[in-house]
Amino acid sequence: MTNDYDIVIIGAGPAGMFAADELADSGLRVLVIDSGQDIDKRACPMKRSSVCVHCTPCSIMCGVGGAGTFSDGTLNLRPDIGGDLATLTDSKEDAWEVIRHVDEVFLKYGAPDVISDPNGNVVERLKRRAASVGARFINIPQRHIGSDNAPVVISNFKESLVDRGIEFLLNTEVSDLAISDNECKGVVLGDGSTITAGYVIAAPGRIGANWVDEMVDKHEIAASYGSIDVGVRVEVPAIVMDPVTRINRDPKFHIHTKRYDDFVRTFCTNANGFVVKEEYPGFIATNAHSMT
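Numbering (the numbering used here), first residue to last: 636 to 927.
Okay, here's the thing in structure tokens:
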């Protein structure tokens, strides 16, 4: 490994890996840096002891594949779910093309070829039932990878990137951006050393959100902020949700409350799943797992 690259990517989660995938056949020298471990070494001690030992960094949140590696692994194959992808592309057609491409990549590396795409009378009945209580049901094509299968898919993905010339530097913290003359010339590592690069792509994921804020403030980087959603995990017996999750594994309901017209939505339903803890610096949040 050298200390000079054409492109450095901060973060080996989905955004970082897909960026590397786009660059892999370009002939450029590309380095992906992540504070966590390789996919085959990511393991949480809670599986053995049932007690969080506060690993630094957390193997659930950091490492190749990112924080979503051990989550439900559901691909929502519609550009207006989880945000509006069309606002980042030139058109709705381009947004759909991105969705198709992402799905094809996951399929290539081992995602199940079964897709849930509900339609017909059963969907219409659910839409009417939802409307009768002031909710809107949005049916979406979904591909469920599963918490148990996702690490295999990620391992295949990473192996392909390495075979195509992408380098990985793991167990390594990026402490700062190397800024000179108002240009980013590389990254500063936790040990104080610098890796230079023509371009830097910052994709540190959820665990790196505060770091991004720090970099924006420190280096006076122009930024725009998206809306913040406050979420809660509600666990119910699977039999309660089964009539809905049999139609759409991760059902999407949108509601506007009567009193304040607040927008409320369901997000990341994990059928027959488990609520799990996510450890962030200074606070704890929740996520969930669901097997294939």
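Where is the CB? At the ideal position from N, CA and C, for every residue including glycine.
How long is the line joining the alpha carbons of Tyr860 and Ala844, rounded to whole angstroms? Cα to Cα, Tyr860 sits roughly 12 Å from Ala844.
For the alpha helix (DSSP H) holding Leu658, just list the boundary residues, first then last. Residues Pro649 to Leu658.
Assuming Val699 is part of the beta strand (DSSP E), what are its boundary residues? Segment: none, Val699 is in no beta strand (DSSP E) and carries neither H nor E.
Does the distance from the C-beta atom of Phe918 to that of Arg771 stay below 8 Å? No.
Would you call the region 695-706 in contact with the region 637-651, where contact means no fewer than 3 C-beta pairs closer than 8 Å? Touching, yes, given that three or more Cβ pairs across the two stretches are closer than 8 Å.
Per DSSP, what kind of secondary structure is Phe902 in: helix, strand or coil? Under the three-state reduction of DSSP, Phe902 is assigned to coil, being neither helix nor strand.
Identify whether His736 lies in helix, strand or coil by the three-state DSSP scheme. Helix at His736.
Which residues in the same chain have their Cβ closer than 7 Å to the Cβ of Ala618, if we skip the five residues on either side of it in sequence? The displayed coordinates of the chain run from 636 to 927. Any statement about residue 618 would go beyond what the structure contains.
Could you tell me the boundaries of the alpha helix (DSSP H) in which Ile789 lies? Unbroken alpha helix (DSSP H) run through Ile789: Ala785 to Asp798.
Count Cβ pairs between the region 735-754 and the region 770-784 that sit closer than 8 Å; are there 3 or more? The region 735-754 is in contact with the region 770-784.
What separation, rounded to the nearest whole angstrom, lies between the Cα atoms of Ala873 and Asn907? Taking the Cα positions, Ala873 is about 6 Å away from Asn907.
Whole-angstrom C-beta distance between Ile830 and Gly821, which should lie under 8 Å: For a cut-off of 8 Å, the C-beta gap from Gly821 to Ile830 is around 5 Å, short enough to register as a contact.
Once DSSP output is grouped into helix, strand and coil, what is the label at Lys893? In this structure, Lys893 counts as coil in the three-state DSSP scheme.
For the beta strand (DSSP E) that Asp811 lies in, which residues bound it at each end? Per DSSP, Asp811 is one residue of the beta strand (DSSP E) stretching across Val809 to Ser815.
Who are the near neighbours of Thr709 in its chain, counting only those whose CB is closer than 6 Å to its CB and skipping five residues on each side? Only Gln777, His779 and Asp885 meet the Cβ criterion.
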